[in-house]
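Engineer: Protein chains in written order, with the numbering used here: chain H, 1 to 76; chain R, 77 to 235. Here you go, one structure.
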Amino acid sequence: MEATKVLDAKGLACPMPIVKTKKAMAELNAGEVLEVHATDQGAKSDLTAWAKAGGHELVKDTDEGDVLKFWLKKGE
Amino acid sequence: MTEKKKTTIVLFSGDYDKAMAAYIIANGAAAYDHEVTIFHTFWGLNALRKDNQVAVKKGFLEKMFGKMMPRGADKMGLSKMNYMGMGPKMIKSVMKKHNAMPLPQLVEMAQEQDVKLIACTMTMDLLGLQKEELLDDLEYGGVAAYIGDAQDGNVNLFI
Chain H
1 MEATKVLDAK GLACPMPIVK TKKAMAELNA GEVLEVHATD QGAKSDLTAW AKAGGHELVK
61 DTDEGDVLKF WLKKGE
Chain R
77 MTEKKKTTIV LFSGDYDKAM AAYIIANGAA AYDHEVTIFH TFWGLNALRK DNQVAVKKGF
137 LEKMFGKMMP RGADKMGLSK MNYMGMGPKM IKSVMKKHNA MPLPQLVEMA QEQDVKLIAC
197 TMTMDLLGLQ KEELLDDLEY GGVAAYIGDA QDGNVNLFI
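Have a look at this one:
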């Protein structure tokens, strides 16, 4: 999937992945996609809930061993 | 989007671990686009102290309080397993290993995210803390200032 921007949040612990994701997302326009890489195992639940509350769409996520990847489409 | 949601937290505790939990929640809520307020009262005020000594005029009791309480977030003890200061040293080294953010940086991050930090003026008087001794960019108020934010809050915690 084509991402407009990639955020490397690997090695960061709660609450940093979500704080950084919010900052990165603020720089995108509606419809653009942010790709997030994280190693915090709570990131799946965190980003899913965060995206839902903020009106964004979690388009896809993968789990490659230690690294979790997420593709978030910015909402209106 | 609709009007912003609000998270309000009363930080009463002066324990490093409890303050850390409060500030993690505050930063998370700010990332959720909430308007966040932390109302610091009693021992929670110590999280806002500057770590250097500030020359201010004080009475004897206030001076004693000032000396006995932790000067700044980094000096606070743990609520459990403090062991005369060994506990905080251990937990800070574990935090470093796991890349968890130390409390002083969490406070900084909260300020960057426009979390409203209120210092309770009544307890500042009791503990003899003056504005000069606390961080910059704080708000000062009492219970009404807190209720004003909390009454239409969505998340409200007392820590």
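Each residue gets a CB set at the ideal place from its N, CA and C atoms; glycine is no exception.
Does chain H have any CB closer than 7 Å to the CB of GLY229 (chain R)?
Structural biologist: no
Engineer: Can you tell me the Cα-Cα spacing of ASN232 (chain R) and ILE85 (chain R), whole angstroms?
Structural biologist: In a straight line, the C-alpha of ASN232 (chain R) is about 6 Å away from that of ILE85 (chain R).
Engineer: Once the 5 residues before and after VAL67 (chain H) are set aside, which same chain residues still bring their CB inside 7 Å of it?
Structural biologist: LYS10, HIS37, THR39
Engineer: Can you tell me whether THR62 (chain H) is buried or exposed, with buried defined as 16 or more other CB within 10 angstroms of its CB?
Structural biologist: The residue in question, THR62 (chain H), is exposed, as its Cβ has fewer than 16 Cβ neighbours within 10 Å.
Engineer: Along the chain, where does the beta strand (DSSP E) containing ALA38 (chain H) start, and where does it finish?
Structural biologist: 33-38
Engineer: If you draw a straight line from the alpha carbon of GLY55 (chain H) to that of ASP109 (chain R), how long is it in whole angstroms?
Structural biologist: When rounded, the distance between both Cα atoms is 11 Å.
Engineer: When you compare the CB of GLY31 (chain H) with every CB in chain R, is at least one pair closer than 7 Å?
Structural biologist: By this cut-off, GLY31 (chain H) is not an interface position.
Engineer: Label ILE223 (chain R) either buried or exposed according to how many other C-beta atoms from any shown protein chain fall within 10 Å of its C-beta, with 16 as the threshold for buried.
Structural biologist: exposed
Engineer: Using a Cβ-Cβ cut-off of 6 Å (strictly less than) and excluding sequence neighbours within five positions of MET96 (chain R), which residues of its own chain qualify?
Structural biologist: LEU179
Engineer: Strictly by DSSP, which residues pair up with PHE141 (chain R)?
Structural biologist: Paired residue(s): none; PHE141 (chain R) is not in a bridge.
Engineer: If you follow the beta strand (DSSP E) that VAL86 (chain R) is in, where does it begin and where does it stop?
Structural biologist: 82-87
Engineer: Going by DSSP, name the residue or residues bridged to TRP71 (chain H).
Structural biologist: H:GLU35, H:LYS60
Engineer: When you compare only the Cα positions, how much space is there between LYS94 (chain R) and LYS82 (chain R)?
Structural biologist: 21 Å
Engineer: In angstroms, rounded to a whole number, what distance separates the CA positions of LEU214 (chain R) and LEU193 (chain R)?
Structural biologist: 5 Å
Engineer: At a Cβ threshold of 7 Å, is ASN29 (chain R) touching chain H?
Structural biologist: There is simply no residue 29 (chain R) to check, as chain R begins at 77 and stops at 235 in what is shown.
Engineer: Along chain H, in chain order, which residues have C-beta atoms closer than 9 Å to that of ASP150 (chain R)?
Structural biologist: Neighbourhood of ASP150 (chain R) in chain H, by CB distance below 9 Å: empty, with the nearest CB roughly 18 Å away.
Engineer: CB-CB under 6 Å to MET145 (chain R), same chain, minus the five flanking residues each way: which ones, in chain order?
Structural biologist: When the five nearest sequence neighbours on each side are left out, the beta carbons in the same chain lying within less than 6 Å of the beta carbon of MET145 (chain R) are those of ASN122, in order along the chain.
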